[in-house]
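Per my numbering, the very first residue in the sequence shown carries number 574; after that it's consecutive.
Using N, Cα and C, we set each Cβ at its ideal position, and we do this for glycine too.
Each remark here refers to the structure printed beneath this line.
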Amino acid sequence: MRRLTLAVALLSVALCGCEDEPSGKQGPTEDDGGGMHGASATTGGSSGDVAIASPSEGTIADRYEKALKLIKEKDWDGARDQLLEAYRRSDSADVKKEIRGHLGMVEQGIRAQPALSAAEVFAGAPALMEKKVSMRGTLLQGGQVAKVTYYFWLQAGAKIQCRFSALTLEEKRLIQTLPDGSDVLVRGTLKPAWGSNPNPYLELSYFRLERRPPDPKPEGAKP
Numbered sequence: 574m575r576r577l578t579l580a581v582a583l584l585s586v587a588l589c590g591c592e593d594e595p596s597g598k599q600g601p602t603e604d605d606g607g608g609m610h611g612a613s614a615t616t617g618g619s620s621g622d623v624a625i626a627s628p629s630e631g632t633i634a635d636r637y638e639k640a641l642k643l644i645k646e647k648d649w650d651g652a653r654d655q656l657l658e659a660y661r662r663s664d665s666a667d668v669k670k671e672i673r674g675h676l677g678m679v680e681q682g683i684r685a686q687p688a689l690s691a692a693e694v695f696a697g698a699p700a701l702m703e704k705k706v707s708m709r710g711t712l713l714q715g716g717q718v719a720k721v722t723y724y725f726w727l728q729a730g731a732k733i734q735c736r737f738s739a740l741t742l743e744e745k746r747l748i749q750t751l752p753d754g755s756d757v758l759v760r761g762t763l764k765p766a767w768g769s770n771p772n773p774y775l776e777l778s779y780f781r782l783e784r785r786p787p788d789p790k791p792e793g794a795k796p
């Protein structure tokens with residue numbers, strides 16, 4: 574537990590130093606689709622600091638230390654993955670609370686990444702293939718690609734397909750209930766064309782709802 578406490582302290586220092594790194598863009602107040610939706614508790618050690626699935630996967634403290642290294646390298650995606658896994662393994666309320674705070678800071682770095690348009694993604698596809706891409710746009714509901722794979726369209730100057738099989742069940746449910754025209758931020762790996770869609774698509778690892786469209790006024794209502 575002492576090792577975990579030290580890792581948490583070091584991570585807190587690093588995150589405080591990185592807090593001013595992102596651009597002046599401020600994250601929206603509505604955050605129905607991002608953040609801790611990717612984390613859930615599982616069984617593990619009673620203290621919460623040795624909850625591991627196998628020795629090769631390392632302890633929660635190992636995850637913190639690796640997250641610290643990735644933060645120094647400004648690898649926000651990798652740091653988030655490590656923190657989410659630490660959260661999933663821990664059964665300690667105190668450790669989970671600490672991780673939630675760090676995740677909020679790390680996600681500032683993710684949200685500050687440049688958001689590309691669909692035209693920019695398609696034009697840069699050879700160099701961007703299998704790399705992380707951030708995009709902002711409006712959501713248009715799609716459908717089913719395979720038995721367990723669903724997608725939506727992101728309208729960002731042009732339409733690009735976003736598949737979300739890697740997201741959590743909670744995030745998937747949220748996405749499928751959103752009305753067309755919802756403003757969202759997505760981040761994912763650009764993948765080569767597959768299936769009926771002739772263009773590259775995004776395999777999402779991050780989803781954030783920024784704004785729902787206003788509810789339509791009932792007929793006969795005053796403007």
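field: Whole-angstrom distance between Thr632 and Ala614, CA atom to CA atom
entry: Residue mapping note: residue 614 aligns to position 41 of the sequence shown, counting from 1. Residue mapping note: residue 632 aligns to position 59 of the sequence shown, counting from 1. The pLDDT assigned to Ala614 is 29, lower than 50, so where the model puts this residue is not dependable; a value taken from the coordinates is nonetheless given after this. Roughly 15 angstroms separates the two Cα atoms.
message: Tell me the DSSP secondary structure of Phe780 in three-state form.
response: Taking the first residue of the sequence shown as position 1, residue 780 is located at position 207. Strand at Phe780.
query: Under three-state DSSP, which class holds Gly730?
result: Mapped onto the sequence shown, residue 730 falls at position 157. Per DSSP, reduced to three states, the secondary structure at Gly730 is coil, with no helix or strand assignment.
message: Taking 6 angstroms as the limit between beta carbons, can you name the residues of its chain near Gly716, skipping five residues before and five after?
response: Residue mapping note: residue 716 aligns to position 143 of the sequence shown, counting from 1. Hits under 6 angstroms: none found.
query: What number of angstroms, rounded off, separates the C-alpha of Glu594 from the C-alpha of Val668?
result: Within the sequence shown, numbered from 1, the residue matching residue 594 stands at position 21. Within the sequence shown, numbered from 1, the residue matching residue 668 stands at position 95. Since pLDDT at Glu594 reaches only 42, below the 50 mark, its modelled position is unreliable, and the value read off the structure follows with that caveat. Computed Cα separation, rounded: 25 angstroms.
message: In whole angstroms, give me the CA-to-CA distance for Leu676 and Ala685.
response: As a position in the sequence shown, residue 676 is number 103, starting the count at 1. As a position in the sequence shown, residue 685 is number 112, starting the count at 1. Going from the Cα of Leu676 to the Cα of Ala685 covers about 14 angstroms.
field: Test item: CB-CB of Leu763 and Leu775 under 8 angstroms
entry: If you number the sequence shown from 1, residue 763 lands on position 190. If you number the sequence shown from 1, residue 775 lands on position 202. Yes.
- request: Could you have a look at Asp654 and say whether DSSP puts it in helix, strand or coil?
  value: To locate residue 654, count along the sequence shown from 1; it is residue 81. Helix at Asp654.
- prompt: Since Val757 contacts Leu712 with CB under 8 angstroms, what's their CB separation in whole angstroms?
  reply: Taking the first residue of the sequence shown as 1, we reach residue 757 at position 184. Taking the first residue of the sequence shown as 1, we reach residue 712 at position 139. That belief holds up - the Cβ atoms of Val757 and Leu712 are roughly 5 angstroms apart, short of 8 angstroms.
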